[in-house]
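Numbering (the working numbering), first residue to last: 1 to 474.
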């Protein structure tokens, strides 16, 4: 048996005890006030039975007809109990008004009445404390409503005790206005209880109708604070008993990988869980262009989305108009007509989604899908290495080179090697040096159809010629 259900059953037992006590003593003493209180306790029994029924049903696991579970039975039970409390408040207010205008029997101030109402208040105080503690622990509106029922008993019992004391003092010291003190106290208590009842009914109705405007704003703020979230376009949440279900969409930079997007979504789930400890969160990720996305980055991402391989992107600004030049690699077996359709569609995509671009010029070339067979002729590269030594001697930024390879593919030669540059050099400066050296090698050695230089930072004295086991050092 759950703690919530145990507290609810204890409330049924307490309300039943008070009902029997008030009924027996009221019939024995002939006190109409105690008989009226017995009716109030009977309503408490009804309310507590509603709580037990709601909690039993709410504890059922989710099924095919109720995928979100049965937790809203608690909220429905709280709403029904608020209706019972509303009727109780009306009845108490009616009795108080009738007593004020002299149309109701006077309060019987027998010692038994004092004793019974004292016991009633003591039991109600104990139940309110236990129920409020359990309601806070389990976030249960049904237990909160049950606590409010016993809360009414504290005030009504207190009002009756005040009335009994007033009647006794009025009779003893001949003070007529004290006779109606219980009615005045009852009206004040009724006003307070009506407000508490209406507040509980409104909150229960909000949950039953899935009202969550303030909560969704808090969820969106918590999600937006997560690193990597560009926006939170939609949040939907609903309460089912003590549990919250959240469906939301977040915007993530379209360049983020699947793993990165998943990590961001997981971080959002944790942020929402910190806000709503008992929550089930589903996060949908939408790719968007981030605020700091560069034009070249956007072109690469759009090419990836279009399943196109691109390279040699260059941007030019002519008369305040930004122009992009790039190469696109396509299947060499495609017809020119088909290839042009693909490229034309890609151009339109770029112009539509990259607002800064005014014109796009694309060069079509066949994708190199085959592996060319060649031979390693590095040992025959003495003439090339001598010329390379001469050229590098004129470039002070290059400390040395290594891993030189010369491959022969058909009638052409492909040269590659690594060269060491200052580690503090910028990428632009390093590229300018290697690109210039590549051009000079092709100009002075026409036999080289392809030259590839890998730049790396110089790290001081390193292995010398012959120690690397591969290629040569300068």
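Positions of the beta carbon are idealized from the N, C-alpha and C atoms, including for glycine.
Asked: Between which two residues does the beta strand (DSSP E) holding residue 450 run?; Found: 448-457
Asked: Contact defined as beta carbons within less than 8 Å: I believe residue 321 pairs with residue 359. What is the distance between those atoms, to the nearest angstrom?; Found: 7 Å
Asked: Less than 7 Å separating the beta-carbons of residue 400 and residue 433?; Found: no
Asked: Taking C-beta to C-beta, are residue 127 and residue 221 nearer than 7 Å?; Found: no
Asked: Taking the alpha carbon of residue 125 as the reference point, which residue from 136, 111 and 156 has its own alpha carbon closest?; Found: 156
Asked: Which residue comes first and which comes last in the beta strand (DSSP E) that contains residue 366?; Found: 357-366
Asked: Residue 464: buried (16+ other C-beta within 10 angstroms of its C-beta) or exposed?; Found: Only weak support is given to the placement of residue 464: the predicted model assigns it a pLDDT of 36, under 50, and the value that follows is read from those uncertain coordinates. Its Cβ having fewer than 16 others within 10 Å, residue 464 is exposed.
Asked: Spatial neighbours of residue 484 within its chain, please: CB distance less than 6 Å, with the 5 preceding and 5 following residues excluded, ordered by chain position.; Found: Given that the chain is displayed from residue 1 to residue 474, the structure contains no residue 484 and the question cannot be resolved.
Asked: Under DSSP, the beta strand (DSSP E) around residue 140 begins and ends at which residues?; Found: First-last for residue 140: undefined, no H or E at that position.
Asked: Per the contact definition of three or more C-beta pairs closer than 8 Å, is the segment 19-28 in contact with the segment 147-154?; Found: no
Asked: Counting Cβ pairs, one atom from each stretch, are 3 or more of them under 8 Å apart for the segment 442-457 and the segment 402-417?; Found: yes
Asked: Grab the span of the alpha helix (DSSP H) containing residue 291 for me, first residue to last.; Found: Segment: none, residue 291 is in no alpha helix (DSSP H) and carries neither H nor E.
Asked: DSSP state of residue 21, grouped into three classes?; Found: helix
Asked: Between which two residues does the alpha helix (DSSP H) containing residue 337 stretch?; Found: 336-353
Asked: Check whether the segment 218-233 and the segment 260-280 are in contact - that is, three or more C-beta pairs closer than 8 Å.; Found: yes
Asked: I'd like the span of the beta strand (DSSP E) that includes residue 275, first residue to last.; Found: Unbroken run through residue 275 is the alpha helix (DSSP H), 258-275; no beta strand (DSSP E).
Asked: DSSP three-state label for residue 233, please.; Found: strand
Asked: Residue 467 to residue 402, Cα distance in whole Å?; Found: Because residue 467 carries a pLDDT of 40, less than 50, the predicted location of this residue cannot be relied on, and the following value inherits that uncertainty. C-alpha separation (whole angstroms): 11 Å.
Asked: Could you spell out the range, first to last residue, of the alpha helix (DSSP H) harbouring residue 382?; Found: 382-393
Asked: What do you get for residue 4, buried or exposed, if any count of 16 or more other CB atoms within 10 angstroms of its CB means buried?; Found: buried
Asked: So what's residue 174 in DSSP terms, helix, strand or just coil?; Found: coil
Asked: Please tell me whether residue 391 and residue 439 are closer than 7 Å, where the distance is taken between their beta carbons.; Found: no
Asked: So, at 8 Å on beta carbons, what are the nonlocal neighbours of residue 381 in its own chain, with the 5 sequence-adjacent residues on each side left out?; Found: 404, 406 and 415
Asked: Check for me: the beta strand (DSSP E) holding residue 321 runs from which residue to which?; Found: 321-330
Asked: What number of angstroms, rounded off, separates the C-alpha of residue 41 from the C-alpha of residue 143?; Found: 17 Å
Asked: To the nearest angstrom, how far is the alpha carbon of residue 331 from that of residue 348?; Found: 20 Å
Asked: Starting from residue 400, trace the beta strand (DSSP E) both ways and give me its first and last residue.; Found: 400-409
Asked: Pick from 14, 383 and 386: whose alpha carbon is nearest that of residue 130?; Found: 14
Asked: Going by DSSP in three states, residue 66 sits in which element: helix, strand or coil?; Found: coil
Asked: Would residue 329 and residue 298 be called neighbours here (beta carbons separated by less than 7 Å)?; Found: no
Asked: By DSSP, does residue 162 sit in helix, in strand, or in coil?; Found: helix
Asked: Quick check on DSSP: helix, strand or coil for residue 279?; Found: strand
Asked: Looking at residue 276 and residue 244, is the spacing between their C-beta atoms short of 7 Å?; Found: yes
Asked: Note down the Cα distance separating residue 69 from residue 61, rounded to an integer number of angstroms.; Found: 6 Å
Asked: Could you tell me the alpha carbon to alpha carbon distance between residue 326 and residue 363, rounded to whole angstroms?; Found: 6 Å
Asked: Out of 184, 87 and 45, point me to the one whose CA is closest to residue 97's CA.; Found: 184
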